[in-house]
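To start, the structure itself, in structure tokens.
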Amino acid sequence: MRLAQRLSNGETGAAMSAIAAVSEPDQAAGAGYSLALEGITQRFGATAAVDDVSLAIDGGEFLALLGPSGCGKTTLLRIIAGFVAQTAGRVLIADRPVDALPANRREVGIVFQNYALFPHMTVTENVGYGLAARGVGRADQRRRIGEMLELVQLSALADRYPRQLSGGQQQRVALARALAVRPRILLLDEPFAALDKNLRLDMQIEVKRIQRRAGITTILVTHDQEEALSMADRIAVLNRGRLEQLGSPLDVYDTPRSLFVNTFVGGCNLLPGRLVGATTVALDCGATLQARAPAGPVSVGDRIVACIRPEHLTVADDGDGLAGTIEVGMPLGAAVVHEIRLGNGDTVKIAEGRAAGGAPRPPGTEVTILPRPGAVFVFPAPAGAQ
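In our numbering, the protein residues as written are -3 to 382.
Next comes the structure, spelled out in structure tokens:
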């Protein structure tokens, strides 16, 4: 049974674990080249698409550039590839500046969202195109093509044309073509966006396996939070051209450094209130909660936003907490999500594990919910909030 079929019941955690299972590099890993971005800025007129971004990426590392549409991640990828000349800053591969080099001399491989395969060429010819363009001898071409087709497990389809392949197979051909020329850096520009959910998971695992086996430094551009969290060694979260946070998937998810990161990476309930103690918040709904130390400049008495992830809330039998009424319950495979209306009209979502045969609580049920210890993050209230 395909892995995606086994995970089709909403088992996101299991999916992330499955991809993480191929995270350890094999003997080939570590052969990748380092990549450094120093103060990269790209302006289009008065608009800064990328604003003073600096990153240091280790050889063999898998980095995800994560952010919403228009945040600058694709522009940054095109700057690395050499398709766009940045307004300011430097790109260094293996500690050597490459800004003066055209795209075809940077030794960077790229897999586009639409794969960009040549429809009139077979799988073999597509994979070998870059080798032929570089003047590699026929014998060496055949050997390298064979290695790449074995790597992506497509040797049996070598004589087929792109129209005779599935979406996942076409993606693997594009990956093999990018790797065939032994690039120093591999760039993936939203490569899974055109795939259905089940195939996307299968291909994420496959690409992770191939990347680890090849040991190549890889940059993935994506707006899919789960994709970044499950595949990357580190995540760079971008917003409006600026780097908001750089860290491991667990660091970005568990200790977000800004309100944007907390709300963009994973689900989040936002509850307005006021800071009434060093780590005590009085919410507008009437509840008082203990929180982590505030992130950002916040003083006692200031307006704040408390952020609590749905999976970090539990239904309490009694005691103080957030009292409300269930409005709707949605079974999502292995989990149940309830939306609860609080006394002041605010709503929160709570995600709970679902036992076999379990059903959502009926609408109208009165409940009290509590956050788990250490699960309440506090950020300054957005400008204009009262």
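Just so it is clear, CB atoms sit at the ideal spot from N, CA and C, and this is done for glycine as well.
Legend entry - DSSP-derived helix/strand/coil call for Ser65: As a first step, residue 65 is located in the sequence shown; it is residue number 69 there, counting from the start. Shown here, Ser65 sits in coil according to DSSP, grouped into three states, outside any helix or strand.
Inset, instruction - Would you decide whether Ala24 is buried or exposed? Buried here means 16 or more other CB atoms lie within 10 Å of its CB. - result: The sequence position of residue 24 within the sequence shown is 28, counting from 1. Model confidence at Ala24 stands at a pLDDT of 41, short of 50, so the residue's coordinates are unreliable and nothing is read from them.
Inset, instruction - For my contact list, His219 and Ser65 are in at a C-beta cut-off of 8 Å; report their separation, rounded to the angstrom. - result: Sequence index remark: in the sequence shown, residue 219 carries index 223 (1-based). Sequence index remark: in the sequence shown, residue 65 carries index 69 (1-based). Rounded, the Cβ-Cβ distance is 6 Å, consistent with contact.
Inset, instruction - My understanding is that Leu239 touches Ala60, with C-beta atoms under 8 Å, so please give their C-beta distance in whole angstroms. - result: For the purposes of this step, residue 239 is taken as residue 243 along the sequence shown, with counting starting at 1. For the purposes of this step, residue 60 is taken as residue 64 along the sequence shown, with counting starting at 1. In this structure, Leu239 and Ala60 do not form a Cβ contact; the two beta carbons are roughly 13 Å apart against a cut-off of 8 Å.
Inset, instruction - Would you mind listing the beta strand (DSSP E) stretches within the segment 202 to 231 that are 3+ residues and don't spill past its ends, in chain order? - result: Runs of the beta strand (DSSP E) lying entirely within the segment 202 to 231, each at least 3 residues long, are 213 to 218 in chain order.
Legend entry - Spatial distance of Phe373 from Arg270 (CA atoms): Counted from its first residue, the sequence shown places residue 373 at position 377. Counted from its first residue, the sequence shown places residue 270 at position 274. Straight-line Cα distance between these residues: approximately 13 Å.
Legend entry - For His334, the three-state DSSP class (helix, strand or coil): As a first step, residue 334 is located in the sequence shown; it is residue number 338 there, counting from the start. Note: His334 maps to strand in three-state DSSP.
Inset, instruction - Taking all protein chains shown into account, decide if Ala159 is buried (16 or more other Cβ within 10 angstroms of its Cβ) or exposed. - result: Reading the sequence shown from its first residue, position 163 is the one you call residue 159. Correcting the residue identity first, residue 159 is Arg in this sequence and not Ala. Burial state of Arg159 is exposed, judged by a 10 Å Cβ sphere holding fewer than 16 other Cβ atoms.
Legend entry - Selected residue, minimal CA-CA separation from Thr120, among Thr284, Arg173, Thr37 and Tyr249: Sequence index remark: in the sequence shown, residue 120 carries index 124 (1-based). Out of Thr284, Arg173, Thr37 and Tyr249, the CA that lies nearest to the CA of Thr120 is found in Arg173.
Legend entry - Alpha carbon of Val296 to alpha carbon of Gly360, nearest angstrom: Here residue 296 is taken as the residue at index 300 of the sequence shown, counted from 1. Here residue 360 is taken as the residue at index 364 of the sequence shown, counted from 1. Their backbone Cα atoms lie some 36 Å apart in a straight line.
Legend entry - Assigned secondary structure, Gln286 (DSSP; H/G/I helix, E/B strand, else coil): Indexing the sequence shown from 1 puts residue 286 at position 290. Taken through DSSP and simplified to helix, strand or coil, Gln286 comes out as strand.
Inset, instruction - Please state whether DSSP places Val372 in a helix, a strand or coil. - result: Looking up residue 372 in the sequence shown gives position 376. When secondary structure is reduced to three states using DSSP, Val372 falls in the coil class, being assigned neither helix nor strand.
Inset, instruction - Measure the C-alpha to C-alpha separation of Ala42 and Asp48 and round it to an integer number of angstroms. - result: As a first step, residue 42 must be located in the sequence shown, where it is residue number 46. As a first step, residue 48 must be located in the sequence shown, where it is residue number 52. Roughly 15 Å between the two C-alpha positions.
Inset, instruction - Identify, in the order they occur along the chain, each residue of the same chain with its Cβ nearer than 7 Å to the Cβ of Leu408, setting aside the five sequence neighbours on each side. - result: Residue 408 cannot be examined here, being either before or after the span of the chain that is shown, -3 to 382.
Legend entry - Within-8 Å CB hit, Arg357 to chain B: Of the chains in the structure shown, none is chain B; there is only one protein chain.
Legend entry - Residue range of the unbroken alpha helix (DSSP H) whose run includes Thr259: Walking along the sequence shown from the start, residue 259 turns up at place 263. Under the DSSP assignment, Thr259 falls in the alpha helix (DSSP H) whose first and last residues are Leu255 to Phe260.
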